[in-house]
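Trainee: So that you can map any letter, position 54 of the sequence shown is 54 in my numbering, and since no number is skipped, the others follow by simple counting.
Where is the CB? At the ideal position from N, CA and C, for every residue including glycine.
Quick caveat, the model's predicted, so the values are computed rather than measured.
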Amino acid sequence: MISLPYWLDFALRPVPALAWMVIGLGLPWALVLLPRKDWRNRPLIALVMIAVGPLLLTAWMFALGTLGGASESAQLTPANILLGTLPVAIGGAVVAFRKWRSSPPPALTERQRLALDERLLVILIVAACVLRWLAAVWYPFWEYDPIWVYGYEGRLYTLLGYIPQNIGYYPQFLPLQYAYAQIMTGGINDHAARAGFPLYHWGSILAAYALGRLNVSRRVGVYMAALWAMYPHVAQWSTVGDLEIPLTFAATGVAAFFLAAWQRHDYWRRYAIISGLFLGVALWTKPTGGALILGIVLLAVWEIFRTRFDWRKWWPRFQVAAWCGIASIPIGALWYIRNVLLSHRAIDFPHPFWLTQAMRSGVEFGWPVLAAALLCTWLLWSKGLRVRPVLRRLLIGWGFLAAALLPSILSPHRMGLIEWGLLLVGAGILLAELWPLYAFHATALAKRETHVVGWALLLAFPYFVVWFVSYSYHYRLSFAIVPLMMLPAAILIARWIPPQRPLDSRPKLTPRIGLPLILLCIPAVIAPLYHYEGGWDYLWSNEYPNDWRRLDSTNYALSQTVQRIALDVEERGLERPVIFAPGLQRLPFFFPLADVRIRDTPTDLDQLRGVDYYVFTQEARWLYEENNQPEVNPVTGSMYRPEILSYFGGTADASFFSRLYRVRDIDARYVLPENLTPPSEPVAWPFATLAGTQLVRGTELGGRRTPRLTISFLASGPAPLEYTLYIHLLAPDGTLITTWDSLPAVGPYGWYSTRFWVKDEVVSHLTELRLPEGVSLQPGVEYRIRIGWYDVFDDNRRVMADLNDGTQSDGVFLPYIFTAAP
Numbered sequence: 001m002i003s004l005p006y007w008l009d010f011a012l013r014p015v016p017a018l019a020w021m022v023i024g025l026g027l028p029w030a031l032v033l034l035p036r037k038d039w040r041n042r043p044l045i046a047l048v049m050i051a052v053g054p055l056l057l058t059a060w061m062f063a064l065g066t067l068g069g070a071s072e073s074a075q076l077t078p079a080n081i082l083l084g085t086l087p088v089a090i091g092g093a094v095v096a097f098r099k100w101r102s103s104p105p106p107a108l109t110e111r112q113r114l115a116l117d118e119r120l121l122v123i124l125i126v127a128a129c130v131l132r133w134l135a136a137v138w139y140p141f142w143e144y145d146p147i148w149v150y151g152y153e154g155r156l157y158t159l160l161g162y163i164p165q166n167i168g169y170y171p172q173f174l175p176l177q178y179a180y181a182q183i184m185t186g187g188i189n190d191h192a193a194r195a196g197f198p199l200y201h202w203g204s205i206l207a208a209y210a211l212g213r214l215n216v217s218r219r220v221g222v223y224m225a226a227l228w229a230m231y232p233h234v235a236q237w238s239t240v241g242d243l244e245i246p247l248t249f250a251a252t253g254v255a256a257f258f259l260a261a262w263q264r265h266d267y268w269r270r271y272a273i274i275s276g277l278f279l280g281v282a283l284w285t286k287p288t289g290g291a292l293i294l295g296i297v298l299l300a301v302w303e304i305f306r307t308r309f310d311w312r313k314w315w316p317r318f319q320v321a322a323w324c325g326i327a328s329i330p331i332g333a334l335w336y337i338r339n340v341l342l343s344h345r346a347i348d349f350p351h352p353f354w355l356t357q358a359m360r361s362g363v364e365f366g367w368p369v370l371a372a373a374l375l376c377t378w379l380l381w382s383k384g385l386r387v388r389p390v391l392r393r394l395l396i397g398w399g400f401l402a403a404a405l406l407p408s409i410l411s412p413h414r415m416g417l418i419e420w421g422l423l424l425v426g427a428g429i430l431l432a433e434l435w436p437l438y439a440f441h442a443t444a445l446a447k448r449e450t451h452v453v454g455w456a457l458l459l460a461f462p463y464f465v466v467w468f469v470s471y472s473y474h475y476r477l478s479f480a481i482v483p484l485m486m487l488p489a490a491i492l493i494a495r496w497i498p499p500q501r502p503l504d505s506r507p508k509l510t511p512r513i514g515l516p517l518i519l520l521c522i523p524a525v526i527a528p529l530y531h532y533e534g535g536w537d538y539l540w541s542n543e544y545p546n547d548w549r550r551l552d553s554t555n556y557a558l559s560q561t562v563q564r565i566a567l568d569v570e571e572r573g574l575e576r577p578v579i580f581a582p583g584l585q586r587l588p589f590f591f592p593l594a595d596v597r598i599r600d601t602p603t604d605l606d607q608l609r610g611v612d613y614y615v616f617t618q619e620a621r622w623l624y625e626e627n628n629q630p631e632v633n634p635v636t637g638s639m640y641r642p643e644i645l646s647y648f649g650g651t652a653d654a655s656f657f658s659r660l661y662r663v664r665d666i667d668a669r670y671v672l673p674e675n676l677t678p679p680s681e682p683v684a685w686p687f688a689t690l691a692g693t694q695l696v697r698g699t700e701l702g703g704r705r706t707p708r709l710t711i712s713f714l715a716s717g718p719a720p721l722e723y724t725l726y727i728h729l730l731a732p733d734g735t736l737i738t739t740w741d742s743l744p745a746v747g748p749y750g751w752y753s754t755r756f757w758v759k760d761e762v763v764s765h766l767t768e769l770r771l772p773e774g775v776s777l778q779p780g781v782e783y784r785i786r787i788g789w790y791d792v793f794d795d796n797r798r799v800m801a802d803l804n805d806g807t808q809s810d811g812v813f814l815p816y817i818f819t820a821a822p
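Here it is, written out as structure tokens:
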């Protein structure tokens, strides 16, 4: 019997449940929605299935989860999910059967076989999809956003059986499907959860095909699918589990059916409704899907102005927009209404910090520039054109474009006013040169294709503006409109490459076409086979035998942090630990049932009562700043006070660091440490008295065993200023040998400022008496240590201490005599 790798075994377990979602629910309702004439169009049916099945499933799961959340009872169970979806599936099958019986079948037409280059592209796309599925399910969740939100919520719903009412971030299309795969397979497992994610990558490819097929031609559809599938960034993000691929699937589905309805194809109303359902999926996936609404409004306004406000002319297309909008409301508005009813914000926008990171550079114009370059090249060198553009004028226009875009590409920065001016001049020159050629050469087919391209770009324009201005700090956030921006390039490439039919007299795919296509596609096809640490054989080697090793290979510091906490929780026998981890949004994913507090920034030690762990990371530093709280405060300042926060580990890599602490008894700060050597006479500063000292590892300096000196102070209240402790090593004649000055209880990320000291608490400061490089002591000579406080901000003014005899001194000697190591 063949034993499957554990990750593949778990990934295959939810296949029946996913088949029920897509085929059981999706297929009958796809047949109901699509016109009878499209029933022979299998890619179109598959596209609508992948949208409608999950839409119906997640809507039902949302109802169950919300009901369960109100009573905190587990309603998301396999039985409840199936009992609710079974009648929906049966109802769809009945309606589809009646439609099949009552409507005449479409006229049979001879189906033209795919050209050889189209077949090659389909084979390459299928190969890429298979490899990307394997890579997607091989990894556990590891990217930031899936761990922070979607994967975490999927785990939480699986464990609880409901959607907690305190959840209010991001719509639920993807989290509920992550939960569905795990609920139906018996428990939390990343590989099971991720098994369904590639559906939306496949769906986005089908949607790109439908955009070209429904609005231009099947050949353009194939090239659209290939361009999108082989886009290098898609090869990377199709395996991650983030929202951008599902959002692209939904947004491209919106465009494909909306533009088909906009052209008033037969059954335009059905296409408009299907487009609206895809818009609902987009809004059910991510709030930025709402920018598509702006694109639809822009098209409607354009139509009103184009028809010069003649309602009889603009009304037919206005109906398309209206039907689309109405169809999107039931699922598209669901999450936002729920949030308002539960007193959450309807929409949570990204933190304003990210708006400051938007690039707004020339690289963001890549797809329009590619389309313009292809058009100019085609007009210059394609066969059969009687009038061609003037090369000199084109070069002038492209010179302006290069001057506008290249500076911010080569040296990333935001485009300035001069660069925008050069861009407009260059675009104007090209348009002035190319427009007369369009008027001269354009056939009826070319005009229709031009109109489709214009409508597609208008539909994408508001989304592009929102992304360019606010979110262009990462290319993946533009994915939703990339297929729309690809459309002009796909049309030109599909026209330029001559199709070779299988029935032609020379049916072989010529090397000058086939070889370049293979060379262009192979990098994206084989990309999932490579792991930047594991090389090309990671899928079948045993270098990463479990999920922790895989997480180590992608997020080493985070993985080690989580493992250390989990091991300590197990050793201490804590069932539901309370963890303060300010800003560490990814931690609840690993402890979904624990009380993980990531939104608060504790500054008072009393806030740590009843808490088991305090985790300090760079995210904590950012959150303290965001909450207008000082990063140096009594809590962070106590990280180096082991009687309060006991350090048990930490790690760091290039992108993350952590320090882990067990929270001890907060009241231990009022207890004097044991084995203190009290001072020979009382010493009091205005804010503390010297409680005692402790020396470990002898009194020899400069040896292999470095003395460790602890100085403990009994606080009488907070100091008005920030004081620094000085520790001076003095020769018998009073000569200063070296110093170990520092802030009290200091560490790499904080100190316990004298401004925080509380009456009657004990503050201990630990120093290693390590001699600096170049400092040497004479054997046989006795050395003394003197301590005191000074204000570094006031010309190092020392704080006077009251002595027992009524005098004052700026420092006191400790009761230790030190000698040099032999």
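Using the three-state DSSP reduction, which class does Ser-553 fall into: helix, strand or coil?
Mentor: helix
Trainee: So, helix, strand or coil for Ser-408, using DSSP?
Mentor: The answer is helix: DSSP assigns Ser-408 an H, G or I state.
Trainee: On the three-state DSSP scale, how would you describe Ser-103?
Mentor: coil
Trainee: Which residue comes first and which comes last in the beta strand (DSSP E) that contains Leu-777?
Mentor: From DSSP, Leu-777 is part of no beta strand (DSSP E); its letter is neither H nor E.
Trainee: For the alpha helix (DSSP H) containing Glu-619, list its first residue and its last residue.
Mentor: 618-626
Trainee: Strictly by DSSP, which residues pair up with Trp-789?
Mentor: For Trp-789, which the question treats as bridged, DSSP gives the partners Leu-725.
Trainee: Near Arg-388, which residues of its chain fall below 8 Å by C-beta distance, leaving aside the five closest residues on each side in sequence?
Mentor: Leu-379, Leu-380 and Leu-437
Trainee: Could you have a look at Glu-72 and say whether DSSP puts it in helix, strand or coil?
Mentor: Glu-72 falls in the coil class under three-state DSSP.
Trainee: Tell me whether Gly-196 sits in a helix, a strand or coil according to DSSP, three-state version.
Mentor: Coil at Gly-196, not helix or strand.
Trainee: Jot down the residue ranges of each uninterrupted beta strand (DSSP E) in the region 302-327, minimum 3 residues, whole runs only, in chain order.
Mentor: none
Trainee: Using 9 Å as the threshold, is the C-beta distance between Gln-182 and Ala-70 below it?
Mentor: no
Trainee: Can you list, in chain order, the residues of its chain whose CB lies under 6 Å from that of Pro-582, leaving out five sequence neighbours each side?
Mentor: Thr-601, Ala-620 and Leu-623
Trainee: Across which residues does DSSP place Leu-660 in a beta bridge pair?
Mentor: Val-615 and Gly-649
Trainee: Over the uninterrupted beta strand (DSSP E) stretch that includes Phe-713, give me the two end residues.
Mentor: 708-715
Trainee: Taking only the alpha-carbon atoms, compute the straight-line gap between Pro-28 and Arg-36 and give it to the nearest angstrom.
Mentor: 13 Å
Trainee: Please state the DSSP three-state secondary structure of Trp-536.
Mentor: coil
Trainee: Tell me the DSSP secondary structure of Ala-59 in three-state form.
Mentor: helix
Trainee: Put Tyr-152 into one of helix, strand or coil per three-state DSSP.
Mentor: Tyr-152 falls in the helix class under three-state DSSP.
Trainee: Under a three-way DSSP split, which group does Tyr-530 fall into?
Mentor: Three-state result, Tyr-530: coil.
Trainee: Below 8 Å on the Cβ atoms is my guess for Gly-84 versus Leu-64; work out the distance and round it to an integer in Å.
Mentor: 7 Å
Trainee: Use the C-beta contact count for Pro-87: other C-beta atoms within 10 angstroms, 16 or more gives buried, fewer gives exposed.
Mentor: Label assigned to Pro-87: exposed.
Trainee: Going by alpha carbons, who is nearest to Val-425 out of Arg-448, Leu-394 and Arg-414?
Mentor: Leu-394
Trainee: Please report the Cβ distance between Val-671 and Val-762, rounded to the nearest whole angstrom; I am assuming they are in contact, meaning their Cβ atoms lie under 8 Å.
Mentor: 7 Å
Trainee: Out of curiosity, what's the CA-to-CA distance linking Ser-655 and Tyr-532?
Mentor: Here the C-alpha atom of Ser-655 lies approximately 16 Å from the C-alpha atom of Tyr-532.
Trainee: Mind the definition here: the region 141-153 touches the region 38-49 only if three or more C-beta pairs lie below 8 Å; say whether that holds.
Mentor: no
Trainee: Comparing C-alpha positions only, which one of Ser-328, Thr-710 and Val-222 sits nearest to Ala-489?
Mentor: Val-222
Trainee: Which residues mark the beginning and the end of the alpha helix (DSSP H) in which Ser-275 is found?
Mentor: 268-285
Trainee: Is Tyr-614 near Ile-565, with beta carbons less than 9 Å apart?
Mentor: no
Trainee: Could you give the distance in angstroms between the alpha-carbon of Trp-540 and the alpha-carbon of Leu-405?
Mentor: 44 Å
Trainee: Ignore the nearest five residues each way along the sequence and tell me which others in Tyr-640's own chain have a CB closer than 6 Å to its CB.
Mentor: Ala-745 and Gly-747
Trainee: Is the number of C-beta pairs between the region 800-819 and the region 674-688 that are closer than 8 Å three or more?
Mentor: yes
Trainee: Within its chain, find whatever has a CB closer than 6 Å to the CB of Tyr-200; leave out the 5 residues flanking it on each side and keep chain order.
Mentor: Around Tyr-200, the same chain offers Ile-245, Pro-246 and Phe-249 as residues with beta carbons nearer than 6 Å, after the five sequence neighbours per side are excluded.
Trainee: Where does the unbroken beta strand (DSSP E) through Arg-597 begin, and where does it stop?
Mentor: 595-597
Trainee: Rounded to the nearest angstrom, how far is the Cβ of Lys-759 from that of Ser-716, given a contact under 8 Å?
Mentor: 6 Å
Trainee: Output yes or no for whether 9 Å exceeds the beta carbon distance between Glu-433 and Gly-397.
Mentor: Closer than 9 Å, so yes.
Trainee: Whole angstroms is fine: what's the gap from Tyr-752's alpha carbon to Tyr-471's?
Mentor: 39 Å
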